[in-house]
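Following: one structure in structure tokens, then a few remarks.
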Amino acid sequence: MKLRLLFLALALPISVFAAGANIGASPMQIRHAHARATVPNQPAGAAYVTLENTGKSADRLVSLSSPVANRVEMHTMTMDGNMMKMRQVEAIELKPAGLVTMKPGDGYHLMLTGLKKPLKAGESFPMTLRFEKAGQVRIMVTVEAIAPAAAGH
């Protein structure tokens with residue numbers, strides 16, 4: 003009997019903590035935040051994330067900031083005939099249960115302009131994402147080496 007009460011007494015705080023872990027948490031889940039390594043004096047770099055809206059209402063990513071760059075902008079890549087074009091967008095829409103996966107050469111990416119120092123493989127840096135409804139979400143971005151096939155481009 004005493005052993006059962008002891009077990010219950012120990013398990014109760016754990017279950018309360020687990021149940022409360024998501025209270026007030028953002029419905030925006032950000033995964034695989036990474037940037038490409040840059041070379042010295044390169045004025046801009048690119049970062050990529052996967053955004054998932056786990057909430058019940060639509061939201062929009064409206065701005066970003068990071069101490070490693072003067073500006074962080076949202077860009078998209080689209081084909082115009084046989085030319086790939088990049089343009090800045092004002093926001094990225096996220097439907098309820100929506101998912102946006104950013105990757106090099108396809109769709110959205112985050113442009114880091116006015117880099118204050120080179121982005122070195124293996125390092126990481128903070129970035130703040132601002133959503134219209136969910137507010138600010140701070141993440142850490144890992145810098146990855148450029149793949150050998152992409153390094154020559």
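Read in order, the letters of the sequence shown are residues 3 to 155 in the working numbering.
Quick reminder that beta carbons are idealized off the backbone N, C-alpha and C, glycines included.
Being a predicted model, the structure only gives us computed values, none of them experimental.
In whole angstroms, what separates the C-alpha of H34 from that of Y50?
8 angstroms
Give me the DSSP bridge partner(s) of Q31.
E54
Span of the beta strand (DSSP E) holding S126?
126-133
From Q44 to P120, what does the alpha carbon distance come to, in whole angstroms?
7 angstroms
Can the beta-carbon of G116 be found less than 9 angstroms from the beta-carbon of R73?
yes
Find out if the Cβ-Cβ distance for the pair M76, L101 is shorter than 9 angstroms.
no
Beta-carbon separation (whole angstroms), L96 vs L131, contact threshold 8 angstroms
11 angstroms between Cβ atoms; not a contact.
If we count the other Cβ atoms within 10 Å of its Cβ and call it buried at 16 or more, is M86 buried or exposed?
exposed
By Cβ distance below 7 angstroms, which residues in the same chain neighbour N55 in space, the five residues on each side in sequence not counted?
P29, M30, D61, L96, K97, P98, A99, G100
Can you tell me whether V145 is buried or exposed? The criterion is at least 16 other CB atoms within 10 Å of its CB, across all chains shown.
buried
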